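Protein chains in written order, with full-length UniProt numbering: chain A, 1 to 327; chain B, 1 to 327.
2 protein chains.
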Amino acid sequence: MKRATIYSIAQELDISASTVSRAFSKPELVKESVRERILATAQRLGYEPNRAARGLATGRTGLIGLLIPDITNPFFPPLVRAIEQAAAGAGAEVLLVDSGASGSNEPGLIGRIKAQVDGLIVASPRMATAGLKRAVAGVPTVVVNRAVQGLPTVVCDNSGALREAAEHLYSRGHRKVVLLRGPGAAWAAGRRAQAVRRWAEGRDVELVELGPLEAQFEDGRAAVGELVGSGATAIFAFDDLMACGVIAGLSEHSLRVPADCSVVGCDDVLLARTVTPSLSTVTAPVEELGGRAVEMLSRVVAGETVKDEVVTGTLTLRGTTGDAPRS
Amino acid sequence: MKRATIYSIAQELDISASTVSRAFSKPELVKESVRERILATAQRLGYEPNRAARGLATGRTGLIGLLIPDITNPFFPPLVRAIEQAAAGAGAEVLLVDSGASGSNEPGLIGRIKAQVDGLIVASPRMATAGLKRAVAGVPTVVVNRAVQGLPTVVCDNSGALREAAEHLYSRGHRKVVLLRGPGAAWAAGRRAQAVRRWAEGRDVELVELGPLEAQFEDGRAAVGELVGSGATAIFAFDDLMACGVIAGLSEHSLRVPADCSVVGCDDVLLARTVTPSLSTVTAPVEELGGRAVEMLSRVVAGETVKDEVVTGTLTLRGTTGDAPRS
DNA sequence: CTGAAAGCGCTTACAG
DNA sequence: CTGAAAGCGCTTACAG
């Protein structure tokens, strides 16, 4: 048996297909009694509007494309969920594309989906700006966690929380601090490094920078080798994954956290709660980030002009920060 | 400027739209010289076939719907990626729907997307069988990691690896073992429990079962309280997340892993490598799981009959398993 | 190998 | 409030 259409319903009820169509797309234009009969037989026939047909007629697909670099990085799943749920609230579905962290083929991936979405949310921090702008030309696009001239943007600002963390460590006696930088091409990596660097300037603090490094557990762990014996008593890692690597590395060198060395991460992903001791970090309001992105995208799709938005991370002190060891 | 269509290209080249259409959908039917000219001007005009129009004409959307219970559970991101990449290889895109672990609204979510996908991959272990079958009626569907009568299925069998793990612990002197069961409604939870239980039968092993429990870090941690002083020397957790909770809980009770207690997880998610000590667990071939699901779905969509498939997990011994403590 | 034409299932001005 | 009709941009038998 074929799928029901507006025509089969119209025929059944001896009315026009236009009216059936309106009963779904503009219900207020249809007399209530008629609408009820339409809805009832639609229900009975298991009718669902054909999205392709609707899309062809309206030019809208009801789909949002979401490009992320690596769903396997624990920062992204909550973001994906937030975006997906916000989209559902707006009656849209999410087309997920994971670029496998290789910024180079992202323009191609965008090309693959741009013709079938109403808009794009791009959360790929490392893709080259020029390529990004070229790739999204003609599609309503919102960029997440990255500033791109000329494209609407919603970013999370962690500078304040990072400074707060630094201040906290300072008050606990830390005077030599390591900064593990994230990937050179990642916008957020630059911002976070800058925040710590600026804080250290003009204070009696020695800041040792390492990196840029890949934002991976192993890179964090490996970095510890270079730090042991440096006299540093606290480490800022680019993100939580690296921070967990650092914790593992410290433990391999028989250094206790936080007794011998404090560690601060960034993002507050699931891992931050599951390491022992649990990680002091900057909590990103991921739900808000995703929600704003979707909302902003709806505006852009509707042709409104939007202005960039900023959400702010907050400091969450847990078990990896403590007094500097006496030397 | 409006988007290019097959008509604008046809006009430009003074040929028929049919030919332009064929150049994209059945290139071998078009003379090479003509095809080249078409492709060239398509390129120049930035033409992309309108998916909605193609979908309306062919009845195919090129979309696969993927239903998962919780993208935030570390088991799923690698699965999602595997499915997405396999789909890309097959020229399909993935519509991701996360039910937020609430099995109850999953039929609704399926209803929301079933009209716009060519097929469905359902990886929701807890949804009621009857509701699931009703919800997917009429859409080609493949079920992952769960057996459902009458629906094609690809599951991961961890029984062998779990028995192997148990055997290993036995050889290291463990004679009292705890089994932390997963969610009662989850198919995999039943299977895993059964594997351990069957192994223990007829051996001089005392098996203590706890649960069903939610598959969460906190549940694992909380469970430790009930185990301390029980005399058990090894713990099988339903999955890695629970296992990590158990490790944290043991540490809070000043018990060393594996010196005082061994721990075995299941799945081998990212967390398993980032805990200290790293987790002994059963590695699920997630990529294969996802790849097979997509492949099977293509077959089902094509109307072929398929038979259920099974991939098998393998034991990965790391740092949380060792000799039973001498008592 | 190519073209003319019908059809996929909607939406939406337009007329009533 | 409702209907007839055109149109969205493709695909695909059919004829040549």
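Beta carbons: idealized from backbone N, C-alpha and C, even for Gly.
These numbers come from a predicted model, not from an experiment.
Does the distance between the C-beta of residue i and the nearest non-hydrogen atom of the ligand ADP fall short of 7 angstroms?
| i | result |
| --- | --- |
| Asp98 (chain B) | Among the ligands in the structure shown, none appear at all, so the ligand ADP cannot be discussed. |
Any beta carbon from chain A within less than 8 angstroms of residue i's own beta carbon?
| i | result |
| --- | --- |
| Ile71 (chain B) | yes |
| Glu106 (chain B) | no |
| Thr61 (chain B) | yes |
| Arg81 (chain B) | yes |
| Ala302 (chain B) | no |
| Gly225 (chain B) | no |
Checking the sheet assignment: what are the DSSP bridge partners for residue i?
| i | result |
| --- | --- |
| Ile121 (chain A) | A:Leu66, A:Val142 |
| Ala237 (chain A) | A:Leu180 |
| Leu315 (chain B) | B:Val282 |
| Thr153 (chain B) | B:Val143 |
| Glu93 (chain A) | A:Leu63 |
| Val208 (chain A) | A:Val178 |
| Val310 (chain B) | B:Val155 |
| Asp98 (chain B) | B:Ile68 |
Drop a sphere of 10 angstroms on the beta-carbon of residue i, count the other beta-carbons inside from all chains shown, and report buried for 16 or more, exposed for fewer.
| i | result |
| --- | --- |
| Arg3 (chain B) | exposed |
| His174 (chain A) | buried |
| Val310 (chain B) | exposed |
| Gln43 (chain A) | exposed |
| Thr281 (chain A) | buried |
| Leu29 (chain B) | exposed |
| Arg203 (chain A) | exposed |
| Tyr47 (chain A) | buried |
| Glu36 (chain B) | exposed |
| Asn50 (chain B) | buried |
| Pro27 (chain A) | exposed |
| Asp14 (chain B) | exposed |
| Gly249 (chain A) | buried |
| Gly231 (chain B) | exposed |
| Asn105 (chain B) | exposed |
| Gln116 (chain B) | buried |
Which chain A residues are close to residue i, counting only those with a beta carbon under 7 angstroms from its beta carbon?
| i | result |
| --- | --- |
| Arg51 (chain B) | Ala115, Gln116 |
| Glu287 (chain B) | Ordered by position in chain A, no residue passes the 7 angstroms Cβ test against Glu287 (chain B), which lies about 11 angstroms from the chain. |
Applying a beta-carbon distance threshold of less than 8 angstroms, which residues of chain B neighbour residue i?
| i | result |
| --- | --- |
| Glu36 (chain A) | Per Cβ cutoff of 8 angstroms: no residues; Glu36 (chain A) is ~20 angstroms from chain B at best. |
| Cys244 (chain A) | Thr274 |
| Glu93 (chain A) | Leu95, Val97, Arg112, Ile113, Gln116 |
| Leu315 (chain A) | Those do not exist, as Leu315 (chain A) stays about 22 angstroms from chain B at its closest Cβ, beyond 8 angstroms. |
| Glu48 (chain A) | Gly111, Lys114, Ala115 |
So that I know if they touch, is there some Cβ in chain B lying closer than 8 angstroms to that of residue i?
| i | result |
| --- | --- |
| Asp98 (chain A) | yes |
| Cys261 (chain A) | no |
| Leu213 (chain A) | no |
| Leu13 (chain A) | no |
| Gly55 (chain A) | yes |
| Pro78 (chain A) | yes |
| Pro74 (chain A) | yes |
| Ala86 (chain A) | no |
| Ala248 (chain A) | yes |
Mind listing the chain A neighbours of residue i? Cutoff is C-beta to C-beta under 8 angstroms, in chain order.
| i | result |
| --- | --- |
| Ser251 (chain B) | Thr276 |
Could you work out which residues of chain A lie near residue i, taking near to mean beta carbons separated by less than 9 angstroms?
| i | result |
| --- | --- |
| Val257 (chain B) | By Cβ distance, chain A contributes nothing, its closest Cβ being about 10 angstroms from Val257 (chain B), past 9 angstroms. |
| Gly190 (chain B) | Per Cβ cutoff of 9 angstroms: no residues; Gly190 (chain B) is ~25 angstroms from chain A at best. |
| Leu180 (chain B) | Under the 9 angstroms cutoff, chain A gives no residues; its nearest Cβ is about 16 angstroms from Leu180 (chain B). |
List the residues of chain B that residue i touches, going by C-beta distances under 7 angstroms, in chain order.
| i | result |
| --- | --- |
| Leu132 (chain A) | In chain order: nothing, as chain B lies at least about 17 angstroms away. |
| Val136 (chain A) | In chain order: nothing, as chain B lies at least about 13 angstroms away. |
Along chain B, which residues have their Cβ under 9 angstroms away from the Cβ of residue i?
| i | result |
| --- | --- |
| Val217 (chain A) | This sequence places Phe at residue 217 (chain A); Val is not what is there. Per Cβ cutoff of 9 angstroms: Leu270, Arg273, Thr274. |
| Glu206 (chain A) | Simply none; closest approach about 28 angstroms. |
Practice task
List in chain order: all unbroken beta strand (DSSP E) runs of 3+ residues lying wholly within the region 257-308 of chain B.
Solution key: 262-264, 281-283
Handout entry: 4-residue-minimum alpha helix (DSSP H) runs that sit fully inside the UniProt domain "HTH lacI-type" (4-58) of chain B, ordered along the chain
Key = 6-13, 17-25, 32-45, 51-58
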